[in-house]
Structures are given as structure tokens and as C-alpha cells.
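Chains as they are written, first to last, in the numbering used here: chain L, 8 to 274; chain W, 105 to 326; chain F, -18 to 203.
For every residue, glycine included, the Cβ atom is placed at its ideal position computed from N, Cα and C.
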Amino acid sequence: MRTRHLVAVLMALVLMVGFSTAATAGTLTDIVKRGELRVAVQSGAAPMAFVDKNGKHTGAMVAFVEDMAKRMGVKLKILDFDWDGLIPALLSGKADMLAADMTPTLKRALKITFVDPWYYDQLCIFTKSDAPYKTLADIDKKDVTVGVLLGSTGETMAKKILKNAKIKSYKGGGRMVINALLAGHVDAGVNDDMAVLTALPDYPANSVRLLDKRLGSKAPLSFAVRHESINLWQWANLYFKTVRLDGTYDRIIHYWVESTEWAKDHK
Amino acid sequence: MITNFNFRVVWEYMPLFMQGLRNTFLISLVSLILALAVGIIACGCRLSRWKLLRGLAIAYIESIRSTPLLVQIYFFYFGLPTLGLRVPELETGIIALMLNSGAYIAEIVRAGITSVSSGQIEAGISSGLSYFQRMRFIILPQALGVTVPPLLGQAIVLVKDSALLSLISVMELTRCGQELTSERFMPAEGFLTVAVLYLCIYYCLKPLAGWAQKKLIFREAY
Amino acid sequence: MIAEYASRLIQIIPFFLKGLLMTVVVSGISLVLSTALGFILGILRTGRSRLVSRSIGLYVDVMRGTPFVVQIFIVFFILPEWGLQLDALPAAILALTAMTSAFICEVVAGGIRAVPKGQWEAAAASGLNKFQQLKLVILPQAMRTILPPLVGQYVLMIKDSSVVSVIGVTELTRVGWQTVVRIPEGLMVFTLVGVLYFVICYPLIRLSNSLEQRLSQESVRL
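In C-alpha cells, the structure reads:
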């Protein structure tokens, strides 16, 4: 009886190791063979990726990857994570691709490969409309608390240039920072201007104001894949070139990002 | 994987981990003291002769025991601003921990007090001792032996519960692990280190509970 | 205003019920697995081999000494590096099972140890082998001590299942979090979540209490 057990354990180990070996045939090939594209998106981040009033995953990012999966001829599986969980999810193989409004920083690029940008935005400082802050110098003071999103470029930038202010990182999504601002936990926040502007309609009108000057320079936003997923990377780049030409890109961006049309159907 | 473990990064983040460890310790201590106060008061109400106080205490204790701590934390974190109250995250977390542990401590203290056999109380009454004298000389010393070990157990639970505060951005030990992971994309170095540090706390507190158990068993006068 | 509040509430209730179902499913599966594993570990813990007993003791210490939220992060983000890639739901079940089985192990071991030595000797003298002794004589008696805390562990598991929301499992707490990020009505959302947990936990707590009373009465008869 003991030999049988030993053989069973060995077989289990072999299977485990076998399944865990990285796909050397190419991620795209695996996806097509598997029939399913797994994408990591941020959770609770309307209009990029969120769960709508019907309980469905939806948003700009989801719209793009749904289209991708359709053109690939596979099913789509959406996995949602907190912002700081996206890259670990991609790296650990839980997802084939990361679809978010993520800035391709050189530090991140050491670990993952970014697809060509699908949009551009810039970091901004935002605060309550009735707060007295007008410039960066007003914020960079010892008694000011600034909220940032854990794992974001806003966090990195804030820690770099705001030497005097207290920085508090929030786990979850950009909305956690806005909530914290309105609840009085922080005096100001730093995040991508697009992320803030697209979230504002959910909050009382004129409660949040962006400071005039943006931080840093215009930054790209990209999807990402693992280093070894070269064929998937090339496919995704070609995808974005294609949809820019055939009108799909304009349609999605207009509906989700540049207007609030999506709110009628999905909020 | 063991060979890939990046000790250099762990060492680089050690100051942060130490800060988190210190904060976890302080948060747990403050919450424990406050919870003791809440628990004793709640227990007093629970054993009171007035139905209203008893009812309130029972409602409080049963709601805490039948709902998860995380839900209680989120309740205060997201709910208090709805009422217009601006409570910083740390204080919100401590309130949640205090109310949560307070309910369990109330039950522990109640079990301790009711464990003293009625014969002892009758002997006290027939010896002419007042309520407070009975409490001080007969009931409480015996109740202590039954109460202190579970209280230390609750202290250990409280340290682990404080980890949930990381989800509302309180800078305690677990949050340090999250920061390392999100800045360096190294979940192993982040969370395994944190786990080991929590185990250190556990192995410091556990013998204390065992020692208290041994020492105080003598007090159970028969 | 109240009408709008009520209509919001009615609109979100179906999602919360789905979340509650997921909570029950996750807890239920983990319950079955951890009971099986816990009993096996508990029996081995009281066995003759000191190496086995100490190893299991170490496992129990690690599970009891680290916060569940840290354990969940380790299962979800670190195990893949060691070859075990899991989706959120299986990872949650694995982590819950691993932790609760450690607690159940201790409960079972305690129950077995509480059976008087004479029972083992009498069973052996009746010609039963070790396995039969355990199955026919010891365990049935141990169940009296094991059952109430076992039901208590189930309640704890349902509450701990709320923590798996951090890796994205759409159980009740996660639904609450997703909703409150979308519509900032913190008080309403988490009161609803709390009530739903109460509805499934409170009866179980009462069951555990009544079991404890009934089973302790039986032993008095002995």
C-alpha cells in the first residue's frame, strides 16, 4: 500500500511542476489553444473597469479586451484586483494581460513589458473646492496630508517632490483617495488627471477641484504583458493600430472616457 | 525560490518593518486597554438587574459576535463620514478593534464571574460582607484565575486582528508588507517577512499565556 | 429622499444575496475539507510519534500566530512562485481550509485527550486494534467535548471568509465594498452586510450554546 501512495504523490508533484512551467510556446498560442483570454483589471474604477448596476464587468478597459477576445476568437475572463495587485497578478501568471490606465515607468518595465500607449494623461493635484491651496508650494507643507494610490505613479511622484507634506497611501483604487479627501482624512490628493476627472461625476458637483498646474509631463497609459509573451505583445500593438483606423478606438474612447454617456446605461 | 529570496531588499526595508511592528504593538495595546474598559462595563450591564441595560448589552455583544471584524471596520470607515463625522483612519480602526474585542472580553469576564460557585457567594453573604467586599475578597480573586488566560488569548487575537487595519490605510505591519510588494513587485520578500515578524510576536505572547495559566490556577480555591 | 434611499436599497439587495450565497459556498466547502483534515491532524497529534505531534504542533502555531489576511496574500501571490497557480476562489478555499483545520486539530486533540485513559485500556483489553479503539470507543466519547467548539469554529470560518474579499472573491463583504465605492452610502451598505452575516451566524452560535448545555448535562448523568 505504501508504494502506491508514493507513486501517487510523485505523480502529483510531476503534474504540479508540469503545469507551472512557463509557457515556452508563447502566451498567445496558449490563449488560442485554451480558448480563453484572462485579463487583470482594476476593480471599482469606473469608467475604466468596474461592476455595473447589472452585476457585469464593464468599462473602457473591459470594452477593449472584450473586442480583443472577439477578434482572437476566444472567451474572455476578467479578473479584478486592487491597483497594487495588478502587476503581481500578471507576473504570477494569473492573467495573460493587464488592462489598465497604467503608466509605463522604467521601474515597472524591468518586470513587465508594456504595450504601446492607448492614451495619455498627466498627474494632477486635487483638493476640496473650498480649500485654500492654489499651488504646489501650498501643498508642500508639514501640516498638509496628501493621499495617493498605493502602487501608482502618483505615489512615487508625491514621495519624490513633496518633501514636507505627509503622504498617505490608499489600497484599492483612485476612488479611495477621493473618498478620503471628502471624508477629511487627507487635505489633497495626487493621481492621474483622467482618473480623477472621470470619477468626479459620481461625487457632489463642485466638491473637488484640480489645481491649475499639472505635475511632471504628459505620460502614456498602456496595457502590459509578461516579458516572455512576445507574440501577445505584438498582437496587442497591432490591435491598437487596427482599431484606431477602423473607428472602434474612437467609439470606445468617446463613450467611456471623453463623455459620460456610459453612465446612463451602466450606473 | 529560497535561493532567489532577496535578503538585501528585506534588510533595506527593515526600518519600515520595525516601524510597522512598533505601530502594530501600540495599536494592539491601546485597543486592548480600551476594550478591557468596554468589556467590563458591558459585562456589568449584562449582569445587571435592569432589563434595559441587560438588553442593550446582549444586543451589543451578539451583534459583534455574529458579524465579521472586517465588516465592522468597513462599517465605521465608510459609515462615519456618511454621518458627517471626520475620524482619521487610525482612530476609526481603534474604535472598531475596541468595540470588537470589548464584546468578547465581556463574555470572558462574565464566564469568570459566574464560574465562582454560589456556595462561595452564600458564605460571603452569611459572613456579613457587603456586595463590594464580596466582590473584592471572594469573587474577583477566584474569577481572575478563570479570566486571565482567555484574556491573554484575546490579546493574541487582537494583534492578528490589527492586520486588517492595513486595508484602511493604517501604517501597521501588514501594510509594510504591501508597500514592499507594490514598490518592488516582490510578494515573497514582503509577506513572508511580515509573517515571520507576526510569529515573533506570537511566540513572545504565548509563553506569557501559559505562565499565567499555571500561576493563576492556584487561585481557584476549592 | 427616503423613497430614493429605499429604492437604492431594493436595487442592490439581489447582488448582496448573491454575495451571501458565495459566502455560504466558500465557507461550506472549506468547512467540509477542514473538518476532514482537522480530524486527521487531531488524531495524529495525539498519536505516539513525537515527531509527528511536534510537526503538527508547529503547523498549528504558524496558522494561529499569523493573521489570516497575511496567509491569504501568501497563498494567492507567493504560492504561484512555488508552482501552485490558483484562481481567487480555490486560493480562498485553500487558505481557509489550512487555517481552520489547524484550529479543528486542536479541538479534536483536546477532545481525545479528555477521554479517560481507562477507556483506551478497556478497549485494548477487549481485543480491538488501535484503529477500532479510536473509531468505536474513543471518538464517540470525544465528540461530546468536540462538538460545541466545532460548531463555534464554523461560525469563525464564516466570519473569516469576509477576509477573502481582499483577493477579489465576490462574497458578501466584497459586494459591499464594490457597492460602497460606487455609491457612497457607507452606513446603509454595511448595515445590510452586517444583518446578512448576523442571519447566518447567530443561529449557529445559539446551536453551539445549546449543544454545549445539552452535552454537558449528559456527562453529569454519567
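CB contact below 9 angstroms: residue i versus chain F
| i | result |
| --- | --- |
| P95(L) | yes |
| N278(L) | This structure cannot speak to residue 278(L), because chain L is shown only from 8 to 274. |
| L204(L) | no |
| P291(W) | yes |
| R258(L) | no |
| V215(L) | no |
| L296(W) | yes |
Buried or exposed (CB count within 10 angstroms, at least 16 for buried), residue i
| i | result |
| --- | --- |
| V13(F) | exposed |
| F236(W) | exposed |
| Y(-14)(F) | exposed |
| K178(L) | buried |
| Q246(W) | buried |
| I74(F) | buried |
| Y127(L) | exposed |
| N110(F) | exposed |
| F182(W) | buried |
| E276(W) | buried |
| I38(L) | buried |
| L177(F) | buried |
| D257(L) | exposed |
| H234(L) | exposed |
| T28(L) | Below a pLDDT of 50, predicted positions are generally treated as unreliable, and T28(L), at 48, falls in that range; no measurement from the model is reported. |
| N190(F) | exposed |
| W63(F) | exposed |
| L133(W) | exposed |
| K140(F) | buried |
| I(-17)(F) | exposed |
| F289(W) | buried |
| S30(F) | exposed |
| Y302(W) | buried |
CB-CB length for residue i against residue j, believed under 8 angstroms
| i | j | result |
| --- | --- | --- |
| V153(L) | F230(L) | Actually they do not touch by this definition, with Cβ atoms about 28 angstroms apart. |
| V197(L) | M164(L) | 7 angstroms |
| S82(F) | G19(F) | 4 angstroms |
| I146(L) | A172(L) | 6 angstroms |
| L136(W) | L244(W) | Not really, about 19 angstroms apart at Cβ, beyond 8 angstroms. |
| V46(L) | I119(L) | With 8 angstroms as the limit, V46(L) and I119(L) do not qualify as a contact, their Cβ atoms being about 14 angstroms apart. |
| A69(F) | V5(F) | That pair is no contact at about 17 angstroms. |
| I259(L) | A70(L) | 5 angstroms |
Cβ of residue i within 9 angstroms of any chain W Cβ
| i | result |
| --- | --- |
| V142(F) | According to the sequence provided, residue 142(F) is Ser. The question's Val does not apply to it. Cβ-Cβ to chain W under 9 angstroms: yes for S142(F). |
| D200(L) | no |
| L169(L) | no |
| M55(L) | no |
| W158(F) | yes |
| D91(L) | yes |
| L70(F) | no |
| A29(L) | The predicted position of A29(L) is uncertain, since its pLDDT is 47 and thus under 50; no value can be drawn from it. |
| S136(L) | no |
| I85(F) | no |
| I10(F) | no |
| T81(F) | no |
C-beta neighbour in chain L for residue i, strict 9 angstroms
| i | result |
| --- | --- |
| F182(W) | yes |
| P172(W) | no |
| I148(F) | yes |
| E228(F) | What the structure shows of chain F is the stretch from -18 to 203, and residue 228(F) is not part of that stretch, so it cannot be assessed. |
| S286(W) | yes |
Residue i: CB within 8 angstroms of a non-hydrogen atom of the ligand NAD
| i | result |
| --- | --- |
| G51(L) | Absent from the structure shown: the ligand NAD. Ligands present: none. |
**Message:** Closer than 8 angstroms is the cut-off here; do at least three beta carbon pairs connect the region 170 to 177 of chain F with the region 5 to 20 of chain F?
**Reply:** With contact defined as three or more Cβ pairs closer than 8 angstroms, the region 170 to 177 of chain F and the region 5 to 20 of chain F are not in contact.
**Prompt:** Can you list, in chain order, the residues of the region 97 to 125 of chain L whose Cβ is nearer than 8 angstroms to any Cβ on chain F?
**Reply:** The residues in question are S99, G100, K101.
**Message:** Taking beta-carbon pairs under 9 angstroms, can you tell me which members of the region 224 to 240 of chain L lie near chain W?
**Reply:** Within the region 224 to 240 of chain L, no residue has a Cβ that lies closer than 9 angstroms to any Cβ of chain W.
**Prompt:** Using a beta-carbon distance cut-off of less than 8 angstroms, what residues from the region 180 to 213 of chain W approach chain F?
**Reply:** Flagged, chain order: Y181, F182, G183, L184, P185, T186, L187.
**Item:** the region 142 to 171 of chain L: positions lying closer than 7 angstroms to chain W by Cβ
**Value:** Within the region 142 to 171 of chain L, the residues whose Cβ lies closer than 7 angstroms to some Cβ of chain W are L157, G158, listed in chain order.
**Prompt:** Residues in the region 254 to 280 of chain W with C-beta within 7 angstroms of chain L's C-beta atoms, listed in sequence order?
**Reply:** Going along the region 254 to 280 of chain W in chain order, one finds L271, S273 with a Cβ nearer than 7 angstroms to chain L.
**Prompt:** Taking contact to mean at least 3 C-beta pairs separated by less than 8 angstroms, is the region 112 to 131 of chain W in contact with the region 266 to 280 of chain W?
**Reply:** Output reads yes: the region 266 to 280 of chain W touches the region 112 to 131 of chain W.
**Message:** Between the region 241 to 255 of chain W and the region 214 to 223 of chain W, can you find at least three pairs of beta-carbon atoms closer than 8 angstroms?
**Reply:** Proximity of the region 214 to 223 of chain W to the region 241 to 255 of chain W meets the contact definition, three or more beta-carbon pairs being nearer than 8 angstroms.
**Asked** In chain order, what residues of the region 48 to 59 of chain F put their CB closer than 9 angstroms to some CB of chain W?
**Response** Among the residues of the region 48 to 59 of chain F, those with a Cβ less than 9 angstroms away from any Cβ of chain W are P48, F49, V50, V51, Q52, F54, I55, F57, F58, I59, in the order of the chain.
**Asked** Contact between the region -13 to 2 of chain F and the region 38 to 58 of chain F: three or more CB pairs below 8 angstroms?
**Response** Contact annotation: the region -13 to 2 of chain F does not touch the region 38 to 58 of chain F, with fewer than three C-beta pairs closer than 8 angstroms.
**Prompt:** Does the region 65 to 76 of chain L come within contact of the region 30 to 44 of chain F, defined as at least 3 CB pairs closer than 8 angstroms?
**Reply:** As far as the Cβ criterion goes, the region 65 to 76 of chain L does not touch the region 30 to 44 of chain F, which means the pair count is below three.
**Asked** Should the region 179 to 189 of chain L be called in touch with the region 40 to 57 of chain L, which here means at least 3 C-beta pairs below 8 angstroms?
**Response** By the Cβ criterion, the region 179 to 189 of chain L is in contact with the region 40 to 57 of chain L, since at least three pairs of Cβ atoms, one from each stretch, lie closer than 8 angstroms.
**Item:** Contact between the region 85 to 102 of chain F and the region 117 to 131 of chain F (3+ Cβ pairs under 8 angstroms)
**Value:** Contact holds: three or more Cβ-Cβ distances are below 8 angstroms.
**Message:** Using a Cβ distance threshold of 8 angstroms, determine whether the region 233 to 251 of chain L contacts the region 82 to 94 of chain L, with at least three qualifying pairs required.
**Reply:** Too few Cβ pairs lie closer than 8 angstroms, so no.
**Prompt:** Are the region 197 to 216 of chain W and the region 140 to 156 of chain W touching, with three or more C-beta to C-beta distances below 8 angstroms?
**Reply:** Because the criterion of three Cβ pairs below 8 angstroms is met, the region 197 to 216 of chain W and the region 140 to 156 of chain W touch.
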